[in-house]
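Residue numbers (my numbering), protein chains in the order written: chain A, 27 to 327; chain B, 102 to 420; chain C, 216 to 634.
C-beta: ideal position from N, C-alpha, C; glycine also.
Spelled out as structure tokens, the structure:
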């Protein structure tokens, strides 16, 4: 950091040189800056503004104040898709984190084949959910593997994707499958933080595995768990690809999520103002949940 | 045991998860830390290595989860090699009576090869463009002083916070007004403004010692030469990691290509295969399409696995 | 050192400039040919009316070649789009100025695109116009103006499987809701279903639920078109009736949420007594021609059924002369014959020869062509279906009462209409 602090003094001394540096710096940033203005800053502001208009791409936007938001409040489909999205998140995020944690603890110490296991567990993360969905449709089909296994263990038989109660759990299973490998890697990295001396000491004192986990391992995992919870919640709130391919939001809107509603409002009905309002609602929701997670996990510490 | 230590240091560098509390550390420090971690690994006490029974239990558990994890891949490949209509379970999972008829359907049609080309264009141009733009910007943010640098950098970074779905609609409107719907540039250009890439580049370049650049400057090298001859070679590790991820993101991207590519000829593989699924195309053909789309990413994963896993561990970059 | 600044700066500029040029170049080379460039290429969007990909290609290649020969200098490009989400693709393309010159539409899509369409009057030869069945022209007319050129017509009367009726020893076929409901328990005892209903939300309600709504005396939209009317008493009655059929197992419950391939449906397997969601052309290869019986559409307070028109519409921005010639060319009875015959449809023109000589079954269906409705022609027809279909599904799987489902749908639909 010392070098950074020294820089300004050095630059100020060499006036023309500093100006040249500044010019070159700006020049190097310029291409990225232009793209950011066009495709990030501009659309971020426009996205907020559009939420207060009625716009269909054919005519120019009409300012309608809070209309879109009152409409959203009264829209049963919005509440239903919010419920579906939250339900999906409530299953997927803990499921992903628990699976990730368990597997991270199991593959924590190197052993013959540990590398292979980690590679296998990460493979779904790099796989497109669209491609995976094409085979999961078969797995969840009426006489497919999942239904067969379920009927053997006495669970709900028939296609989970065609059932309005089980469709979200089915999608959540796909979500967990596709994400736990990522969480595992994050946690594996964090597990290196666990003070070895403490662990050894605890072992000598005869502490059991749970006690060791609770008092020695868990505290050092906290930042990583918080990070994972935020990342996974954000991702779950935006679930779309698998739903689009596997269920189309059905049956009877039972898997119709917020982003799906946003997509339909925007690109099926060209109700772009309303779609933007849904986008804003999603944004606010994500923020609120992140803050809550922060408070809960942060407080314990 | 020497094998064990090697594996651990290969796969799990020390935790440098980029949370708000704990920004990612530089690659150089990371290397040093890793060396240290490697030494520590040698001292794993016997007691922490677990009992024999524990090991067996662990092996069985991991084996079961691993099988469940790869089952969809297995089913995808085997069912794609079956004649159309062979969908019964478990009979159709047995690896005989295989036929490549679905593949000749898929590769013989005009569509899938075209989608493959589109996906390649989207991914490769996306990677090269993102790397070049973010390297330029990251270098400037890290090593050049210019007015508004901090403000600009933080405003870039703040864009990570804005969810994609807020910007998607205005971006589409903009592209539509610029006549970019159903074109390659309309597809690619918005994806090049990648805040995460700029951030990681800046963090990495900040960790490089100034002396390297100063020395070159004293030798009379131009900025262009410094960037090409010094910066680019030095940032190869982060380019590899970032490049792999940007490739993955583009290859697997769905929503944006779905909106922008309207005609059959402009679809990417993900969008195209989703449309096959919706058109009641036989399962074996859809899955053959999925396999065709999956194989390149699988290859990329095999080759770039180190960058992927290290990237995740070192930066928390989103998978 | 200082002398070096200039060339150095130039070289320093080179890289960012290259990057910028790259992005701009990317923009340029993607260069849009643009829609309706007024040029000599006529872009046509088609859908898999001819489901077989190879046959579809062959048919259109034949037509475009023949057209190019007859009209030197013009080139037609036919792109076949999937049925799924076709409105999204088309509306996006039009909004983004990337629309085709000519597109295949069915009547209830016309009002949505009305502002972007060239009325058919402006290019349709008078002799052709006089040749169309009145029902065909009426179906494509919005506010009394034909907006597209009909290529084919379809009708979905009630068709019954003679074998099923023989199996329960019944010789009269149902003509009212009560008839069907009275037969249902006897059918069920023998392992048959009274009818089949597809609840898939991708399926057009014109074919599935709207006929029941009409039969009960209801309408989709209120007379002024500013609100919906499907949640009327008639609507609730129609949905309750349907729910009874589902609940009692008189129709396949799985099909309320999923769409199996036709050959795997109970209809194809000869397990269904009567259906209005399939045409004789669909079922005759499973049932055998001799076993299909054509009946007028069912009736509760009135008999009503769905029949549609497949048409070519011209979008604004097209070269009117060229695109008009192309549309009229395809609309010639001999040229559209393969489209007509692909799914057992019927010609829209009176001068056309009977495509199914000697086929008594098709002759029966043809008689019903003029009484069928193509569905409400309102700008938001398809949007309303988008919110109504999942609610109908919810009522049928027992999540909501028919009344609540329709009221919820009406609320959402009215919000769409109020925009």
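Proximal chain A residues relative to residue i, where beta-carbon distance stays under 7 Å
i: residue 384 of chain B; result: 164
i: residue 437 of chain C; result: Those within 7 Å of residue 437 of chain C in chain A number zero; the least Cβ separation is about 20 Å.
i: residue 324 of chain B; result: 50
i: residue 238 of chain B; result: 54, 55 and 58
i: residue 634 of chain C; result: 80 and 297
i: residue 270 of chain C; result: The premise fails here: residue 270 of chain C is roughly 26 Å from chain A at the closest Cβ pair, so nothing lies under 7 Å.
Contact set between residue i and chain A, taken where Cβ atoms lie within less than 8 Å
i: residue 316 of chain C; result: The contacting residues do not exist; residue 316 of chain C stays about 19 Å from chain A at best.
i: residue 329 of chain C; result: Neighbours of residue 329 of chain C on chain A: none; closest Cβ ~12 Å, over 8 Å.
i: residue 234 of chain B; result: 57, 58 and 61
i: residue 398 of chain B; result: 152, 153 and 154
i: residue 189 of chain B; result: 169
Residue nearest to residue i in terms of C-alpha spacing, selected from the options
i: residue 131 of chain A; options: A:118, A:238, A:289 and A:51; result: A:238
i: residue 340 of chain B; options: B:326, B:297, B:381 and B:392; result: B:297
i: residue 617 of chain C; options: C:323, C:456, C:379 and C:385; result: C:456
i: residue 368 of chain B; options: B:381, B:353 and B:382; result: B:353
i: residue 374 of chain C; options: C:576, C:320 and C:431; result: C:576
i: residue 336 of chain C; options: C:315, C:306, C:365 and C:316; result: C:365
i: residue 240 of chain B; options: A:43, A:56, A:319 and A:318; result: A:56
i: residue 289 of chain B; options: B:173, B:347, B:384 and B:331; result: B:347
i: residue 386 of chain C; options: C:508, C:310 and C:313; result: C:508
i: residue 191 of chain B; options: A:138, A:250, A:75 and A:173; result: A:173
i: residue 329 of chain C; options: C:596, C:266, C:604 and C:498; result: C:596
i: residue 308 of chain A; options: A:243, A:213, A:111 and A:61; result: A:111
i: residue 94 of chain B; options: B:198, B:382 and B:283; result: No information on residue 94 of chain B is available, as it lies outside the stretch 102 to 420 that chain B covers here.
i: residue 261 of chain B; options: A:223, A:197, A:233 and A:313; result: A:313
i: residue 359 of chain B; options: B:279, B:404 and B:220; result: B:220
Whole-number beta carbon distance between residue j and residue i, since they are thought to touch under 8 Å
i: residue 622 of chain C; j: residue 397 of chain C; result: Not confirmed; about 30 Å, so no contact.
i: residue 414 of chain C; j: residue 607 of chain C; result: 7 Å
i: residue 601 of chain C; j: residue 290 of chain A; result: 7 Å
i: residue 262 of chain A; j: residue 115 of chain A; result: 4 Å
i: residue 176 of chain B; j: residue 164 of chain A; result: 7 Å
i: residue 331 of chain B; j: residue 317 of chain B; result: 5 Å
i: residue 361 of chain B; j: residue 276 of chain B; result: 7 Å
i: residue 567 of chain C; j: residue 429 of chain C; result: Between residue 429 of chain C and residue 567 of chain C the Cβ distance is about 28 Å, and since that is not below 8 Å, they are no contact.
Interface partners of residue i on chain A, CB under 9 Å
i: residue 631 of chain C; result: 295 and 297
Neighbour flag for residue i against chain F, beta carbons, 8 Å
i: residue 540 of chain C; result: Among the protein chains of the structure shown, namely A, B and C, there is no chain F.
Under 7 Å by beta carbon: chain B residues contacting residue i
i: residue 271 of chain A; result: 375 and 378
i: residue 286 of chain A; result: Those do not exist, as residue 286 of chain A stays about 10 Å from chain B at its closest Cβ, beyond 7 Å.
i: residue 150 of chain A; result: 170
i: residue 476 of chain C; result: 381
i: residue 244 of chain A; result: Correct list: empty, because the minimum Cβ distance to chain B is about 14 Å.
i: residue 145 of chain A; result: 406
Residue i Cβ short of 7 Å to the ligand MG heavy atom set
i: residue 155 of chain A; result: With respect to small molecules bound, the structure shown includes none, and the ligand MG cannot be examined in it.
Contact list for residue i against chain C, beta-carbon separation under 9 Å
i: residue 306 of chain A; result: Ordered by position in chain C, no residue passes the 9 Å Cβ test against residue 306 of chain A, which lies about 18 Å from the chain.
Partners in chain B for residue i, counting only beta-carbon separations shorter than 9 Å
i: residue 73 of chain A; result: 263, 266, 267, 268, 269, 270, 271 and 272
i: residue 203 of chain A; result: 169, 170 and 173
i: residue 42 of chain A; result: Residues of chain B passing the Cβ test: none, with the nearest at roughly 14 Å.
Chain C residues whose Cβ lies nearer than 8 Å to that of residue i
i: residue 203 of chain B; result: By Cβ distance, chain C contributes nothing, its closest Cβ being about 15 Å from residue 203 of chain B, past 8 Å.
Contact set between residue i and chain C, taken where Cβ atoms lie within less than 7 Å
i: residue 83 of chain A; result: 310
Quiz item: For the 8 Å Cβ check, are there 3 or more pairs between the region 169-182 of chain A and the region 395-405 of chain B?
Solution: Counting Cβ pairs under 8 Å, fewer than three are found: no touch.
Exercise. Determine, using beta-carbon pairs with one atom in the region 266-281 of chain C and one in the region 332-352 of chain C, whether at least three such pairs fall under 8 Å.
Key: no
Self-check item: Residues, ordered as in the chain, of the region 291-323 of chain C that lie near chain B by beta-carbon distance below 8 Å
Solution: Hits within the stretch, in order: 294, 295, 296, 297, 298, 299, 300, 304, 307, 308, 310, 311, 312 and 313.
Exercise. Evaluate the contact criterion for the region 220-228 of chain B versus the region 375-383 of chain B: three or more CB pairs, one atom per stretch, below 8 Å.
Key: Counting C-beta pairs closer than 8 Å gives fewer than three between the region 220-228 of chain B and the region 375-383 of chain B, which falls short of the contact rule.
Exercise. Pull out every residue of the region 351-384 of chain B whose Cβ sits closer than 8 Å to any Cβ of chain C, in chain order.
Key: 360, 363, 364, 365, 366, 376, 379, 380 and 381
Quiz item: If you pair each beta-carbon of the region 526-544 of chain C with each one of the region 403-412 of chain C, do three or more pairs fall below 8 Å?
Solution: A contact between stretches requires three or more CB pairs, one per stretch, nearer than 8 Å, and the region 526-544 of chain C fails this requirement with the region 403-412 of chain C.
Quiz item: Would you call the region 60-68 of chain A and the region 283-296 of chain C in contact, with 3 or more CB pairs under 8 Å?
Solution: no
Quiz item: How do the region 368-386 of chain C and the region 488-499 of chain C stand: do at least 3 beta-carbon pairs fall below 8 Å, yes or no?
Solution: The region 368-386 of chain C, when compared against the region 488-499 of chain C, does touch it at the 8 Å Cβ threshold.
Quiz prompt | Chain-ordered residues of the region 280-314 of chain B with a beta carbon less than 8 Å from chain C | solution = Listed by position along the chain: 280, 281, 282, 283, 284, 285, 286, 287, 289, 290 and 293.
Quiz item: Counting pairs of Cβ atoms below 8 Å between the region 351-366 of chain C and the region 309-328 of chain C, do you hit three or more?
Solution: yes
Self-check item: Touch test, the region 582-592 of chain C against the region 75-88 of chain A, Cβ-Cβ under 8 Å, three pairs minimum
Solution: no
Self-check item: Residues, ordered as in the chain, of the region 450-477 of chain C that lie near chain A by beta-carbon distance below 8 Å
Solution: So the close ones are 469, 471, 472 and 473.
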